[in-house]
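K.L.:
Dropping a structure here in structure tokens format, bear with me for questions.
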Amino acid sequence: MTKAEAGDPLATIEVAIVGGGPAGLAAAEMLAARGRTVGVFDAMPSFGRKFLLAGKSGLNLTHSEPYERFATRFGEANAHLASALEGFPPEAVRAWAEALGAPTFVGSSGRVFPVAMKASPLLRAWLKRLREAGVRFFPRHRWLGFEGAALRFATPEGERLVPASATLLAMGGASWPKLGSDGTWMPILQNLGIATAPLRPANCGFDVDWSAPLRERFAGAPVKAVTARSSAGQSQGEFVLTRSGVEGSLVYAHAAALRDAIERDGSACLELDLAPGRALSDLVASLARQPAKASFSTRMRKGAGLDAVKTALLRETTSETERADPPRLAASIKALPLRLLRPRPIAEAISSAGGIKLGELDSRFMLTQRPGLFAVGEMLDWEAPTGGYLLTACLATGRAGGLGVDAWLSAAAKKGRSRARKPVKAIQP
């Protein structure tokens, strides 16, 4: 094992940030602006890999809804995240992106995207600005824990010890582990006595016991213009049928409630309104006018305005007797119970729930059991739906954690100076 020696750039790191995603980079930005010597360490060969993946679908940076509503999207973590979000609200996210040469626009759903609709230009400009501010980057450094006060890293050249005055962890959860967020930090922190909640999939798809005909014919088909209801409330949008079940934005909006219901009860029901623009009485009357000899798909198209994929869902979840009775069929169209068996694996999820329990942190995002160790971003125990909430909270907690590190270092330095100035009492004979 080699140690960081004099002349080695690792030996002069004041703040070590472990994790080169949005939260870690946001913390580095705050610290560099305050004159701190910062090193960002990541196990992967490059930085911001999950950020780049998010950009493939347009890079949903934040949301334009009123802040009072935005701040309620984090469930039980609302109060814990409040000050961080107030310090970097959606309007500030947009201004930050524009300053990096990435102007934004508001989509029809209220979501905010860069005009370029991709992440790579924004990430390149961000990394360039950080390097110009003096931030040092160390790829292929996998964090192994601590040895005394130093951080241990596995590198292609062997293990290295890195001393630092403070450490900020921003290692993500456990979704998309091939991009670097694999949750391997959990046992390290648990061994330090830090309380954690199990990592679970969030914003994920679910398994459904489809019949072979539906799976073979409709896997990959979108189900558009539907309303979904669960204990999380009601929302309208679309989702996709997959070979294993369902996924997509409408499902993700209910994912936390559905996942919790499955854990509690063994399965969950997502109730679908396949014709949200039609009244039940109107559907009953229209279906009753359809010729009994007409095929089911024809009756659905002409009587209810349903396309082939919605008709397939009805066929999958209703009996022949129900399909022959207009009132019962109309009731199914307006409230179709879709039974979900299990969430998809966490490796497929957009994000993860669980992680470091928020009660372990003080207002500066420092772990109270280990002064000088901070944690931010998705490795904390909070979750939010898709729509820009995830990325905004990662950026906001990263910035707040960076400010917390700076404040803690300043206080420690002041305390040290105070002790140095304190006169030594003379020893009485």
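Taking the working numbering, I'd label the letters of the sequence shown as residues -8 to 420.
For glycine and all other residues, C-beta sits at the position ideal for the given N, C-alpha and C.
Within 10 angstroms of the Cβ of ARG64, are there 16 or more other Cβ atoms? Answer buried if so, exposed if not.
P.N.:
Position 73 of the sequence shown, counted from the start, is the residue given in the question as residue 64. Burial call: buried.
K.L.:
According to DSSP, simplified to helix, strand and coil, what is THR359?
P.N.:
The residue given as residue 359 occupies position 368 in the sequence shown. Looking at THR359 - three-state DSSP - the assignment turns out to be coil, as it is neither helix nor strand.
K.L.:
Excluding the five sequence neighbours on either side, which residues of its own chain have a C-beta within less than 6 Å of the C-beta of GLY393, listed in chain order?
P.N.:
Along the sequence shown, one-based indexing puts residue 393 at 402. So the qualifying residues of the chain are ALA18, MET21, LEU22.
K.L.:
Strictly by DSSP, which residues pair up with GLU150?
P.N.:
Walking along the sequence shown from the start, residue 150 turns up at place 159. DSSP, once it has assigned bridges, lists ALA145 as partnering GLU150.
K.L.:
Since ARG131 and PRO36 should fall inside the 8 Å C-beta cutoff, what is the C-beta to C-beta distance between them, to a whole number of angstroms?
P.N.:
Translated into positions along the sequence shown, residue 131 becomes position 140. Translated into positions along the sequence shown, residue 36 becomes position 45. Confirmed, about 6 Å.
K.L.:
Do you know whose CA, among ARG191, ARG408, HIS71, lies nearest SER343's CA?
P.N.:
Translated into positions along the sequence shown, residue 343 becomes position 352. It is ARG191 whose Cα lies nearest to the Cα of SER343.
K.L.:
Could you tell me whether the segment 266 to 283 touches the segment 243 to 256, where touching means 3 or more Cβ pairs closer than 8 Å?
P.N.:
No, the segment 266 to 283 is not in contact with the segment 243 to 256.
K.L.:
If the criterion is Cβ atoms closer than 7 Å, does the pair ALA219 and LEU232 meet it?
P.N.:
By 1-based counting over the sequence shown, the position of residue 219 is 228. By 1-based counting over the sequence shown, the position of residue 232 is 241. Not closer than 7 Å, so no.
K.L.:
Indicate the three-state DSSP secondary structure (helix, strand or coil) for GLN419 in the structure shown.
P.N.:
For the purposes of this step, residue 419 is identified with residue 428 of the sequence shown, where counting begins at 1. Residue confidence is low: GLN419 scores 42 on pLDDT, short of 50, so the model does not pin down where it sits. No coordinate-derived value is stated.
K.L.:
Assuming contact is defined by CB atoms lying nearer than 7 Å, are LYS331 and PHE197 in contact in what I supplied?
P.N.:
Sequence index remark: in the sequence shown, residue 331 carries index 340 (1-based). Sequence index remark: in the sequence shown, residue 197 carries index 206 (1-based). Strictly speaking, residue 331 in this sequence is Leu, with Lys absent from that position. Contact flag set, yes.
K.L.:
Which parts of the segment 280 to 350 are runs of the alpha helix (DSSP H), unbroken and 4 residues or longer, counting only runs that do not cross its ends?
P.N.:
Here the runs fully enclosed are 287 to 295, 299 to 308, 311 to 314, 317 to 325.
K.L.:
I want to know whether the segment 275 to 283 touches the segment 314 to 323 - three or more CB-CB distances under 8 Å.
P.N.:
Yes: at least three Cβ pairs fall under 8 Å.
K.L.:
Near PRO189, what residues of its chain come up, given a Cβ to Cβ distance below 8 Å and the 5 sequence neighbours on each side ignored?
P.N.:
The count along the sequence shown starts at 1 and reaches residue 189 at position 198. Excluding positions up to five away in sequence, the list reads GLY345.
K.L.:
Comparing alpha-carbon positions, which option in VAL300, VAL217, LEU91, GLY164 lies nearest GLU369?
P.N.:
By one-based count along the sequence shown, residue 369 stands at place 378. Minimum Cα distance to GLU369 is reached at GLY164.
K.L.:
Tell me the DSSP bridge mates of CYS260?
P.N.:
Sequence index remark: in the sequence shown, residue 260 carries index 269 (1-based). Answer by DSSP bridge pairing, in chain order: ARG330.
K.L.:
Return helix, strand or coil for ASP200, following the three-state DSSP convention.
P.N.:
If you number the sequence shown from 1, residue 200 lands on position 209. Here ASP200 sits in coil by DSSP.
K.L.:
Between the alpha carbons of ASN69 and ALA62, how many angstroms are there, rounded?
P.N.:
As a working mapping, residue 69 is identified with position 78 in the sequence shown. As a working mapping, residue 62 is identified with position 71 in the sequence shown. Rounded to the nearest angstrom, the two C-alpha atoms are 7 Å apart.
K.L.:
Between the Cα of LEU371 and the Cα atoms of LEU72, ARG40, LYS41, which residue gives the shortest distance?
P.N.:
Indexing the sequence shown from 1 puts residue 371 at position 380. Nearest option by C-alpha distance: LEU72.
K.L.:
Determine the direct distance from the alpha carbon of VAL275 to that of GLU351, and round the result to whole angstroms.
P.N.:
Position 360 of the sequence shown, counted from the first residue, corresponds to residue 351. Position 284 of the sequence shown, counted from the first residue, corresponds to residue 275. Straight-line Cα distance between these residues: approximately 56 Å.
K.L.:
What separation, rounded to the nearest whole angstrom, lies between the Cα atoms of ALA299 and THR95?
P.N.:
Along the sequence shown, read from residue 1 onward, the residue named residue 299 stands at position 308. Along the sequence shown, read from residue 1 onward, the residue named residue 95 stands at position 104. Rounded to whole angstroms, ALA299 to THR95 spans 37 Å at the Cα level.
K.L.:
Quick check on LYS119: does DSSP put it in helix, strand or coil?
P.N.:
Position 128 of the sequence shown holds residue 119. In the structure shown, LYS119 sits in a helix (DSSP, three-state: H, G or I).
K.L.:
How long is the line joining the alpha carbons of GLY125 and ARG25, rounded to whole angstroms?
P.N.:
Taking the first residue of the sequence shown as 1, we reach residue 125 at position 134. Taking the first residue of the sequence shown as 1, we reach residue 25 at position 34. Going by the C-alpha atoms only, they are around 11 Å apart.
K.L.:
Rank ARG290, GLU123, TYR243 by C-alpha distance to the C-alpha of PRO376 and give the top, closest one.
P.N.:
Translated into positions along the sequence shown, residue 376 becomes position 385. It is TYR243 whose Cα lies nearest to the Cα of PRO376.
K.L.:
Who are the near neighbours of LEU118 in its chain, counting only those whose CB is closer than 7 Å to its CB and skipping five residues on each side?
P.N.:
Residue 118 sits at position 127 when you count from the first residue of the sequence shown. Hits under 7 Å: PHE38.
K.L.:
Going by C-alpha to C-alpha distance, which of SER99, GLU67, LEU113 sits closest to ALA423?
P.N.:
The structure shown has nothing for residue 423, since the chain only spans -8 to 420.
K.L.:
Which stretch, first to last residue, makes up the alpha helix (DSSP H) that contains PHE61?
P.N.:
Stepping through the sequence shown from its first residue, residue 61 is reached at position 70. Run containing PHE61: 58 to 61, per the alpha helix (DSSP H) assignment.
K.L.:
Return the residue from the list GLU82, SER226, ARG120 that minimises the CA-CA distance to GLY92.
P.N.:
Position 101 of the sequence shown, counting from 1, holds the residue named residue 92. Cα-wise, what sits closest to GLY92 is ARG120.
K.L.:
Once the 5 residues before and after TYR58 are set aside, which same chain residues still bring their CB inside 6 Å of it?
P.N.:
As a working mapping, residue 58 is identified with position 67 in the sequence shown. PRO80.
K.L.:
Between ARG40 and the rest of its own chain, which residues show a CB-CB distance below 7 Å, the 5 nearest in sequence each way excluded?
P.N.:
Sequence index remark: in the sequence shown, residue 40 carries index 49 (1-based). Cβ neighbours of ARG40 beyond the five flanking positions: LEU170, GLY171.
K.L.:
Between GLY363, THR308, SER166, which lies nearest to ALA338 when the distance is taken from Cα to Cα?
P.N.:
Reading the sequence shown from its first residue, position 347 is the one you call residue 338. It is SER166 whose Cα lies nearest to the Cα of ALA338.
K.L.:
Compare the beta carbon distance of TRP201 and VAL9 with 7 Å and say whether it is the shorter of the two.
P.N.:
Locating residue 201 in the sequence shown gives position 210, counting from the first residue. Locating residue 9 in the sequence shown gives position 18, counting from the first residue. For TRP201 and VAL9, no; Cβs fall outside 7 Å.
K.L.:
Just the C-alpha distance for ALA(-5) and GLY236, rounded to the nearest angstrom, thanks.
P.N.:
Locating residue -5 in the sequence shown gives position 4, counting from the first residue. Locating residue 236 in the sequence shown gives position 245, counting from the first residue. With a pLDDT of only 43 at ALA(-5), under the threshold of 50, the placement of this residue in the model should not be trusted, and no figure is reported.
K.L.:
Would you identify the three-state DSSP class for VAL396, choosing helix, strand or coil?
P.N.:
Within the sequence shown, numbered from 1, the residue matching residue 396 stands at position 405. VAL396 falls in the helix class under three-state DSSP.
K.L.:
Starting from TRP134 and walking both ways along the beta strand (DSSP E), at which residues does that stretch end?
P.N.:
Locating residue 134 in the sequence shown gives position 143, counting from the first residue. Counting along the chain, the beta strand (DSSP E) containing TRP134 begins and ends at 133 to 138.
K.L.:
Out of LEU159, ALA45, ALA223, GLU138, point me to the one whose CA is closest to GLU366's CA.
P.N.:
Walking along the sequence shown from the start, residue 366 turns up at place 375. Position check: residue 366 holds Ala in this sequence, whereas Glu was assumed. For ALA366, the nearest C-alpha among the options comes from LEU159.
K.L.:
Enumerated in chain order, which unbroken segments of the alpha helix (DSSP H) with a length of 4 residues or greater are wholly contained in the segment 173 to 241?
P.N.:
As far as the segment 173 to 241 is concerned, its whole alpha helix (DSSP H) runs of at least 4 residues are 176 to 182, 203 to 209.
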